[in-house]
Amino acid sequence: MRTDLVPDTLWERVAPPLPPAPERRRRCPGRLRVPDRAALAGVMYVLRTGVAWRDVPAETVGCSGVTAWRRLRDWTEAGVWPRLHAARKRIGVRIARKGIESSERLGRRRWGIERTMSWLSGYRRLSPRYERDPRNYLAFLGLATALCCYKRFIRLTT
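As numbered in our numbering, residues 3 to 160 make up the sequence shown, in order.
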């Protein structure tokens, strides 16, 4: 598995909100479960490169593209990405109320949104929007914004 896709510091932040693995059956337990870190590496590979799920190199990433896709689906249904943002950023939503002129006050924060959008354009899976399922697109968007926050945090602390 490539260690540059999921560094140790990133894994320490992403691992707590992930749901626990289901218990294996006693009789006919089947194959061993792929580690969550390898599945996250597969998801990150697709997010950064924009390749199709079937083209994920299993020997490089540590799991097949189908496994990474299923794990992304399971994590999205479990609500991992909103919990990751809520735990890490602690930022509340700021929306203008109806009937109140707020262009001056909210306009001061516009540069942050513009900068974030430029950071998100670096993730090839998001730019042309390859995902047909809106849940997968929102999951990729949540993961990409979490990565932007993580990179900013690492830059500020080192």
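Every residue gets a Cβ at the ideal spot worked out from N, C-alpha and C, and that includes glycine.
Every value quoted in this text rests on a predicted model; they were computed, and no experiment measured them.
Remark: three or more beta-carbon pairs, one from each stretch, lie closer than 8 Å, so the stretch 47-55 and the stretch 110-128 are flagged as touching. Closest option to residue 87, judged by alpha-carbon separation, among 26, 155 and 145: 145. Residue 84 carries a helical assignment under DSSP once its states are collapsed to helix, strand and coil. For residue 152, the enclosing alpha helix (DSSP H) begins and ends at 136-159.
Looking at the backbone, the Cα of residue 19 and that of residue 155 are separated by about 19 Å.
Here residue 38 is buried: its Cβ has 16 or more other Cβ atoms, across all protein chains shown, within 10 Å.
Cβ-Cβ distances below 6 Å link residue 42 to 8 in the same chain, with the five nearest sequence neighbours on each side left out; the list follows chain order. As the crow flies, the alpha-carbon of residue 45 is around 40 Å from that of residue 100.
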